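Colleague: Chain order of the listed sequences is A and B.
Heads up, the final residue of the first sequence is numbered 266 in the numbering used here, and it's a clean run with no missing numbers.
Heads up, the final residue of the second sequence is numbered 266 in the numbering used here, and it's a clean run with no missing numbers.
Even for Gly, the Cβ is constructed at its ideal location relative to N, Cα and C.
A quick note: this is a predicted structure, and the numbers were derived from the prediction, not measured.
Provided herewith is a single structure, encoded as structure tokens, for subsequent inquiry.
Protein chains: 2
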Amino acid sequence: MRILLTNDDGINAQGLAALAAEMAKHGEIIVYAPASEMSAVGHAITLSDPLRFSECRKNGEFFGIAVRGTPADCVKVAIWDLGRQDRLPDIVLSGINQGSNTGINTIYSGTVSAATEGAISGIPAVAISLASYTSGDFSGAAAFAPIIARQLLAHPLPPGVFLNVNVPAKPLEQIRGVRITRQGMTNYREEYEIRKDPHSRNYYWLTGDKMEVEPDDEIDDRAIIDDEISVTPVHCDMTYYPGLDMLRKWQISL
Amino acid sequence: MRILLTNDDGINAQGLAALAAEMAKHGEIIVYAPASEMSAVGHAITLSDPLRFSECRKNGEFFGIAVRGTPADCVKVAIWDLGRQDRLPDIVLSGINQGSNTGINTIYSGTVSAATEGAISGIPAVAISLASYTSGDFSGAAAFAPIIARQLLAHPLPPGVFLNVNVPAKPLEQIRGVRITRQGMTNYREEYEIRKDPHSRNYYWLTGDKMEVEPDDEIDDRAIIDDEISVTPVHCDMTYYPGLDMLRKWQISL
């Protein structure tokens, strides 16, 4: 299989290196990743400015293309660039992100947006995140990547649907299983810290603690708490379907 | 009512001015908007850098707070700032965006992400866009804003659900009605244009034409084609629910 890899922590991130090393055993890997760290960029795409590429080498060998843009830009430009060479990927893998992309975080995630971009283009796609902001143990997540990639290629999903995977920061042997989950609504209790710059002007910095996870075993964060891998089927249709009937009853007139 | 206004075209945009002028007739308006244009930023939030505010005056009068950040940042920081003053808004209105936010565009939209942020915080929210990139006729969209705001306040939606409104670029009298719609999947046929900078290095610029809209009257873009206002109930749960059963049948094992 031909595998397009990207991420939002940047082309030099440890999680991408772990994913690339594992997936190279299973197919041809092609890397287009942001030149610098791009966390919490949501589904940003670069329209007002041009994109630039450069080659990224590791240990003297070509590793991939560094894109001065967002994760969604990377996948968009990679699919365009590979398409004109008749080398479209069979699958897009985005990650391994340092930190979980569960609950409300899912919608802020550059990692998830890169997978979204793959799915929009009709290519099977998976976002993979490590459920820790500090652990360097990507081994379980890396080992799970080819398992989920093969499953997805064997079981095509409807157009626009892709997978959001979160993995406990442990070796695969210590992970207790795989749980199919839905996105939780767990959010952060947020504050802005007020600071003064050297010129006595205020600036504001976002901080926050994660709220308690909903007590429902089907929630993404619950799987992680139970040392299981969370696999959530996601799509890019934001419609709240039960709302269609609700709103029709409003009888809005001009 | 106390109305928080924001947008993604920036605090000096014509669409925000039109919305502010109209809504000032119906309540207290409070503006927190990006200092500069922020289109297609998706649901980006600023984590790595601090935010800064400045006062924006128009015709010698205080108009609002210009935030050096994204639309989602504006709403997040406004809710924090107003909350600590005991002045939380009753509703968040984001717009009037220059250009429709329908189909796949919905997920790239800063205008929509600002409304999402309101909804996440439990405040009724509406994203309003003008279905034209060129027309300066915001009159129909501005006139519809208080109508939909009152409807939403009279009929609370479930937590996390908000409205994505797209309005034809016409006076209200020439608009044929209001249609409750779902988000279409209409996308752009995209290309990158390759150019050379003065130093003979390539750069790449995204271009594209909108694809044909699905032939289904319930689609957001179809309402616009028929000169109607499109009102789509949206939420920030990306789960593809039919996928839960599909994936359980895969029986993924480690």
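1) Can you list, in chain order, the stretches of the beta strand (DSSP E) that have 3 or more residues and sit fully within the region 203-243 of chain B?
2) Under DSSP, the alpha helix (DSSP H) around Phe156(B) begins and ends at which residues?
3) Nearest to Ile159(A) by alpha carbon, out of Val173(A), Val179(A), Ser212(A) and His55(A)?
4) Which residues in chain A have a C-beta closer than 9 angstroms to the C-beta of Ala78(B)? List them in chain order.
5) Could you compute how far the alpha carbon of Ser147(A) sits from the alpha carbon of Asn214(A)?
6) Mapping the DSSP letters down to three states, classify Ala30(B) as helix, strand or coil.
7) Is the distance from the Cβ of Glu205(A) to the Cβ of Thr219(A) below 8 angstroms?
8) Could you check which residue in His167(B), Pro254(B) and Leu63(B) has the C-alpha nearest to that of Val89(B)?
9) Does the region 169-179 of chain A come into contact with the region 56-75 of chain A, if we say contact requires no fewer than three beta-carbon pairs (one atom in each stretch) closer than 8 angstroms?
10) Determine, using beta-carbon pairs with one atom in the region 86-101 of chain B and one in the region 104-118 of chain A, whether at least three such pairs fall under 8 angstroms.
11) Short of 7 angstroms in beta carbon distance, which residues of its chain neighbour Ala143(B), apart from the five on each side in sequence? Order them along the chain.
12) Would you tell me roughly how many angstroms separate the C-alpha atoms of Leu164(A) and Arg69(A), rounded to the nearest one?
13) Please return the same chain residues whose Cβ sits closer than 8 angstroms to the Cβ of Val225(A), not counting the five positions on each side in sequence.
14) From the DSSP output, read off the bridge partner residues of Val173(A).
15) Kindly indicate the opening and closing residues of the alpha helix (DSSP H) around Arg96(A).
16) Going along chain B in order, which residues have a C-beta closer than 9 angstroms to the C-beta of Val89(A)?
17) Quick one, which residues of the region 241-258 of chain B are near chain A if we go by CB-CB under 9 angstroms, in chain order?
18) Interface residues of chain A around Pro62(B) at Cβ under 8 angstroms?
19) At the level of alpha carbons, what is the spacing between Pro245(A) and Ile140(A)?
20) Give a yes or no on whether 8 angstroms exceeds the smallest Cβ distance from Val53(B) to chain A.
21) Closest to Arg207(A) by CA distance: which of Arg201(A), Tyr120(A) and Trp217(A) is it?
22) Do you know how far the Cα of Pro46(A) is from the Cα of Val79(A)?
23) Spatial neighbours of Tyr200(B) within its chain, please: CB distance less than 7 angstroms, with the 5 preceding and 5 following residues excluded, ordered by chain position.
24) Cα separation between Ser151(A) and Ser242(A)?
25) With 16 as the cutoff for other CB atoms within 10 Å, does Phe74(B) come out buried or exposed?
26) Taking 7 angstroms as the limit between beta carbons, can you name the residues of its chain near Tyr120(B), skipping five residues before and five after?
27) Considering only residues of the region 26-82 of chain A, which uninterrupted beta strand (DSSP E) runs meet the minimum length of 3 residues and lie entirely inside it, listed in chain order?
28) For my contact list, Glu193(A) and Val87(A) are in at a C-beta cut-off of 8 angstroms; report their separation, rounded to the angstrom.
29) Comparing alpha-carbon positions, which option in Gly81(B), Met13(B), Met35(B) and Val104(B) lies nearest Ala131(B)?
30) Using the C-alpha atoms, what's the distance from Gly172(B) back to Cys248(B)?
31) Could you pull the start and end residues of the beta strand (DSSP E) that Ala143(A) belongs to?
32) Quick check: Arg162(A) and Pro101(A), are their CB atoms within less than 8 angstroms of each other?
33) Strictly below 7 angstroms CB to CB, what residues from chain A border Ser125(B)?
Modeller: Result, derived from the coordinates:
1) As far as the region 203-243 of chain B is concerned, its whole beta strand (DSSP E) runs of at least 3 residues are 214-222.
2) Ser151 to Ala166
3) Val179(A)
4) Think of a sphere of 9 angstroms around the beta carbon of Ala78(B): no beta carbon from chain A falls inside it, the nearest being about 13 angstroms out.
5) 34 angstroms
6) Note: Ala30(B) maps to helix in three-state DSSP.
7) The answer is yes: Cβ separation under 8 angstroms.
8) For the set His167(B), Pro254(B) and Leu63(B), the Cα lying nearest the Cα of Val89(B) is the one of Leu63(B).
9) no
10) no
11) Ser112, Asn178, Val179, Pro180, Ala181 and Ile236
12) 30 angstroms
13) Gly115, Gly196, Thr198, Ile231, Asp233, Arg234 and Ile237
14) The bridge partners DSSP lists for Val173(A) are His247(A).
15) Here the alpha helix (DSSP H) through Arg96(A) covers Pro83 to Arg96.
16) Tyr204, Tyr216 and Leu218
17) Ile241, Val243, Thr244, Pro245, Val246, His247, Cys248, Asp249, Met250, Thr251, Tyr252, Tyr253, Pro254, Gly255, Leu256, Asp257 and Met258
18) The answer, in chain order, is Arg207, Tyr215, Tyr216 and Trp217.
19) 12 angstroms
20) yes
21) Trp217(A)
22) 5 angstroms
23) Gly220, Asp221, Lys222 and Met223
24) 16 angstroms
25) exposed
26) The residues Ala52 and Gly54, in chain order, have a CB closer than 7 angstroms to that of Tyr120(B) in the same chain once the five nearest residues on each side in sequence are set aside.
27) As far as the region 26-82 of chain A is concerned, its whole beta strand (DSSP E) runs of at least 3 residues are 40-46, 65-70 and 73-79.
28) In the sequence under discussion, the amino acid at residue 193(A) is Thr, which differs from the Glu named in the question. Rounded, the Cβ-Cβ distance is 24 angstroms, inconsistent with contact.
29) Out of Gly81(B), Met13(B), Met35(B) and Val104(B), Val104(B) has the C-alpha closest to the C-alpha of Ala131(B).
30) 6 angstroms
31) Where Ala143(A) is concerned, there is no enclosing beta strand (DSSP E), given that its DSSP letter is neither H nor E.
32) no
33) Within 7 angstroms Cβ-Cβ: Gly54.
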